[in-house]
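In my numbering, the protein residues as written are 29 to 132.
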């Protein structure tokens with residue numbers, strides 16, 4: 029019976045050592061996974077920052093184009109109004125000249 033108890037204790041000791049090795053192996057594996065996740069998180073953060081920078085750059089470019097477009101539109105409208113005004117003046121002068129020519 030004594031030998032059975034000793035055998036059982038030795039087996040439990042062996043099983044405990046095996047569990048301890050397995051736990052240590054799992055802890056190392058978990059640490060490796062944590063490091064890998066940390067690297068991936070850094071990559072994701074870098075990509076996110078680059079994406080946001082591109083979004084901001086495009087937004088600024090779009091705003092610049094909109095401002096330029098508005099400026100060109102205003103310039104065209106102003107020049108168009110000047111041309112219409114000049115034409116109206118010329119028409120008025122021609123009408124006055126025509127009236128004066130008829131009166132002669």
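Even glycine gets a Cβ: it sits at the ideal position worked out from N, Cα and C.
All figures in this text were calculated on a predicted structure; none of them were measured in a lab.
Between the alpha carbons of residue i and residue j, how many angstroms are there, rounded?
{"i": "residue 48", "j": "residue 67", "result": "29 Å"}
{"i": "residue 86", "j": "residue 93", "result": "10 Å"}
{"i": "residue 128", "j": "residue 102", "result": "39 Å"}
{"i": "residue 90", "j": "residue 84", "result": "10 Å"}
{"i": "residue 116", "j": "residue 130", "result": "21 Å"}
{"i": "residue 51", "j": "residue 40", "result": "16 Å"}
{"i": "residue 57", "j": "residue 71", "result": "21 Å"}
{"i": "residue 108", "j": "residue 114", "result": "10 Å"}
{"i": "residue 80", "j": "residue 106", "result": "39 Å"}
{"i": "residue 132", "j": "residue 118", "result": "21 Å"}
{"i": "residue 88", "j": "residue 96", "result": "12 Å"}
With DSSP collapsed to three states, give me the class of residue i.
{"i": "residue 29", "result": "coil"}
{"i": "residue 132", "result": "coil"}
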